[in-house]
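Asks: In this note's numbering, the protein residues as written are 1 to 306. Just so it is clear, CB atoms sit at the ideal spot from N, CA and C, and this is done for glycine as well.
1) Would you kindly check if the distance between the Cβ of residue 227 and the Cβ of residue 58 is under 8 Å?
2) With a cut-off of 8 Å, do at least 3 Cβ pairs link the stretch 219-234 to the stretch 42-56?
3) Under a Cβ-count criterion, where at least 16 other Cβ atoms within 10 Å of its own Cβ denotes burial, should residue 308 be classed as buried or exposed?
4) Quick test of the definition: if touching needs 3 or more C-beta pairs under 8 Å, does the stretch 242-256 touch the stretch 125-140?
5) Please go through the stretch 128-202 and give each complete beta strand (DSSP E) segment of 3 or more residues, from N-terminal end onward.
6) Report yes if the CB atom of residue 247 is closer than 8 Å to the CB atom of residue 181, and no otherwise.
7) Roughly how many angstroms separate the alpha carbons of residue 209 and residue 121, rounded to a whole number?
8) Three-state secondary structure (DSSP) at residue 228?
9) Within the same chain, show all residues whose beta-carbon is closer than 7 Å to that of residue 127, passing over the 5 residues directly before and after it, in chain order.
10) Pull up the CB-CB distance for residue 262 and residue 27, whole angstroms please, since I reckon it's below 8 Å.
11) Among 138, 195, 41, 117, which residue has its Cα nearest to the Cα of residue 223?
12) Using the rule of at least 16 other Cβ atoms within 10 Å of the residue's Cβ for burial, across every protein chain shown, is residue 89 buried or exposed?
13) Find the nearest neighbour of residue 259 within the set 22, 211, 244, judged by alpha-carbon distance.
14) Cutting at 8 Å between CB atoms, please list the residues of its own chain near residue 219, excluding the five before and the five after it.
15) Between which two residues does the alpha helix (DSSP H) carrying residue 70 extend?
16) Measuring straight from C-alpha to C-alpha, what distance separates residue 19 and residue 242?
Here you go:
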């Protein structure tokens, strides 16, 4: 490139930036959720905190885009998106950690999302999967497997299968959310606003009716507020918008590689947050995930390394 030539920002560049923001935000949320569980919060408590904050952030945007027609998305599609990417998805994903070790979720969730979304993109959206993409996806999945291998081979209790089932179910919902975002060509902000506000309207009255105000008052409110900011502000708003935008810019088959790197980033993020240091297999998995993502996005090809 000649000196002084301006760098052209392409849709791919924006897509990679949005995907990276999503992956980092989700990793911070993942590690923070673990800290919340260790501090005595339940899955329903964190879902309640998540959508209190996310709903409050996104409600002004929904007012701007139009409440009556659900930001132009319509009631039917809004309800479907909320089922797939809102409170039910988040409850299944978080609830899985009440039965199975966190390492199980680190393996099952991202690998399921990657595989189901990639297959769905090829079959239903007719997205072309290049050999480079398939090789990169295979490397990423191998890295995910290594990251969670220690946890998967440790004794995990009689009900671990139930947690694994919850992880799998939540990932299938998220894959469906990803595919529909692309299929319906929905803008990121309106879609996120609708999902956040409808999830708030769904979870808040149910939580208060079932758990009660006394239960809420007995919780460590400092940790609950922190989870609200991280799970709701960061995960429920910022990363949702970033991921939705990445799907629009990159397509499903490439965007789903960013959720796949969340376990690898969580290994690093978890060091200062929960004091866990990666083992040899986890470091190897982290390296493979990074290599696979770089392969998939074509970095080596652009650098002339074939």
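Replies: Per the coordinate set shown:
1) no
2) yes
3) Only positions 1 to 306 of the chain appear in the structure, and residue 308 is not among them; the question remains open.
4) yes
5) none
6) yes
7) 40 Å
8) helix
9) 121, 251, 252, 253
10) 5 Å
11) 41
12) buried
13) 22
14) 40, 41, 45
15) Run containing residue 70: none; DSSP gives neither H nor E here.
16) 6 Å
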